[in-house]
Amino acid sequence: MCLVRMKQEGRSGKYMCRIIVHFMWEDVQQRGRVMGVNPYILKKNMILMTNHFYAAILGYDEGILSDDHGLAAALWRTFFNRKCEDPRHLELLVEYVRKQIQYLDSMNGEDLLLTGEVSWRPLVEKNPQSILKPHSPTYNDEGL
Numbered sequence: 001m002c003l004v005r006m007k008q009e010g011r012s013g014k015y016m017c018r019i020i021v022h023f024m025w026e027d028v029q030q031r032g033r034v035m036g037v038n039p040y041i042l043k044k045n046m047i048l049m050t051n052h053f054y055a056a057i058l059g060y061d062e063g064i065l066s067d068d069h070g071l072a073a074a075l076w077r078t079f080f081n082r083k084c085e086d087p088r089h090l091e092l093l094v095e096y097v098r099k100q101i102q103y104l105d106s107m108n109g110e111d112l113l114l115t116g117e118v119s120w121r122p123l124v125e126k127n128p129q130s131i132l133k134p135h136s137p138t139y140n141d142e143g144l
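Position one of the sequence shown corresponds to residue 1 (UniProt numbering), numbered consecutively onward.
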């Protein structure tokens, strides 16, 4: 969802997407090394995970841009790994993704790029109107 939001911020946002993904993979590699995974196996699995990641991103992007049926299909395939016994769980997740995307869209893009702070909505809202009022970020200008 963060990548979807960042892509709306033009060149800077697309650069931020690349940075987010880069550091995600750096973290995966570092954790693999700490766990003592054989470097050959780690590299082989990283290639497989990369393919799965980009397929998931494509599916989620298509789902977010389409109707709830399209998003539900993407979530069912990827998030639930085609094993969701209770359709209410899928319905709840579709609703959550939609409201979180709406909330992220209401945030100021420059603030997101400058602070990197993203607040996540609860799965079930106590006050549904609160998604329309994002909190103002705090800036850390230390070292500038």
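Backbone N, C-alpha and C fix where the C-beta goes; we use that ideal spot for every residue, glycine too. Predicted model, so just to flag it, every value in this text is computed and none were measured.
{"Asked": "Using only the alpha-carbon positions, how far apart do Gln29 and Phe23 sit?", "Found": "10 Å"}
{"Asked": "Using 8 Å as the cut-off, can you tell me whether the segment 12 to 19 makes contact with the segment 27 to 42, which would need three or more C-beta pairs spanning the two stretches below that distance?", "Found": "no"}
{"Asked": "Should Trp76 be labelled buried (16 or more other beta-carbon atoms within 10 Å of its own) or exposed?", "Found": "buried"}
{"Asked": "Taking the continuous alpha helix (DSSP H) assigned at Val97, which residues delimit it?", "Found": "87 to 106"}
{"Asked": "From what residue to what residue does the alpha helix (DSSP H) around Cys17 run?", "Found": "10 to 34"}
{"Asked": "Give me, in chain order, the residues of the same chain whose beta-carbon lies closer than 7 Å to that of Glu62; leave out the 5 immediate sequence neighbours on both sides.", "Found": "Gly70, Ala74"}
{"Asked": "According to DSSP, simplified to helix, strand and coil, what is Phe53?", "Found": "helix"}
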